[in-house]
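Novice:
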Amino acid sequence: MFQWTGICPIVKRVWTSSYTLYSGGWVVLILAGFYALIEWKGWRDWAFPLVVVGKNSIAIYVMSWTMTGFFLDALDRHFGSVFWIAGPTFRPVLLGFGVMLVFWCILFWMYRRKIFLRI
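Read in order, the letters of the sequence shown are residues 8 to 126 in this note's numbering.
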């Protein structure tokens, strides 16, 4: 039904209307959980890593499109044996977390020096 009304965006790589509704529902539940913990309970300290990423969301978006391959290759070349500890199944997951940690360190460096990319 949504396809005929023009509501469905055609730029999505993996897209079906049922998957979008399902994943959108999960996102709303997670957002509600974060809101409850941060605003109602007052637990703000644990959310600092998310604040660092949120302050420079444009930078993390650009880095994810331009530098992911470089950092995957560099981490695999220099620390490849560390990632094989998890076995061939979970090795890509650990590499992804490693790249995410490198990106977060770059964003933290930018956050400490008050460098924010804005439109």
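Every residue, glycine too, gets a C-beta built ideally from N, C-alpha and C.
So Phe90 and Leu79 are supposed to be a Cβ contact under 8 Å. How far apart are they, rounded?
Specialist: The residue you call residue 90 lines up with position 83 of the sequence shown. The residue you call residue 79 lines up with position 72 of the sequence shown. No, Phe90 and Leu79 are not in contact; Cβ-Cβ is about 10 Å, not under 8 Å.
Novice: Using CA coordinates, which residue listed in Lys121, Phe110, Leu82, Met117 is at the minimum distance from Ile70?
Specialist: Residue mapping note: residue 70 aligns to position 63 of the sequence shown, counting from 1. Per the sequence shown, residue 70 should be read as Met rather than Ile. Checked all of Lys121, Phe110, Leu82, Met117; the closest Cα to Met70 is Phe110.
Novice: Trp116: which of Arg98, Arg84, Ala66 sits nearest, CA to CA?
Specialist: Taking the sequence shown and counting its residues from 1, one reaches residue 116 at position 109. Cα-wise, what sits closest to Trp116 is Ala66.
Novice: Round the Cβ separation of Tyr114 and Val59 to the nearest angstrom and send it over; I've been treating them as touching at under 8 Å.
Specialist: The residue labelled residue 114 in the question sits at position 107 within the sequence shown. The residue labelled residue 59 in the question sits at position 52 within the sequence shown. The amino acid at residue 114 is misidentified as Tyr; the sequence shows Leu. 5 Å between Cβ atoms; contact.
Novice: Buried or exposed for Tyr118, going by 16 or more other Cβ atoms inside 10 Å?
Specialist: Along the sequence shown, read from residue 1 onward, the residue named residue 118 stands at position 111. Looking at its Cβ environment, which holds 16 or more other Cβ atoms inside 10 Å, Tyr118 is buried.
Novice: Can Gly105 and Leu124 be called in contact, C-beta distance under 8 Å?
Specialist: The residue labelled residue 105 in the question sits at position 98 within the sequence shown. The residue labelled residue 124 in the question sits at position 117 within the sequence shown. Taking 8 Å as the Cβ cut-off, Gly105 and Leu124 do not qualify as a contacting pair.
Novice: Can you give me the C-alpha to C-alpha distance between Met8 and Ser25, rounded to a whole angstrom?
Specialist: In the sequence shown, residue 8 corresponds to position 1, counting from 1. In the sequence shown, residue 25 corresponds to position 18, counting from 1. Residue placement at Met8 is poorly supported in this model, since its pLDDT is 49, which falls under 50; the coordinates are not used for a value here.
Novice: Leu44 to Trp53, Cα distance in whole Å?
Specialist: Counted from its first residue, the sequence shown places residue 44 at position 37. Counted from its first residue, the sequence shown places residue 53 at position 46. Computed Cα separation, rounded: 10 Å.
Novice: Which residues in the same chain have their Cβ closer than 6 Å to the Cβ of Phe41, if we skip the five residues on either side of it in sequence?
Specialist: Taking the first residue of the sequence shown as position 1, residue 41 is located at position 34. So the list is empty, once near-sequence residues are dropped.
Novice: If I measure Cβ to Cβ from Arg98 and keep anything under 8 Å in the same chain, skipping five residues before and after, which residues do I get?
Specialist: Residue numbering aside, residue 98 sits at position 91 when the sequence shown is read from its first letter. Closer than 8 Å at the Cβ level, and outside the excluded window around Arg98, lie Phe90, Trp91.
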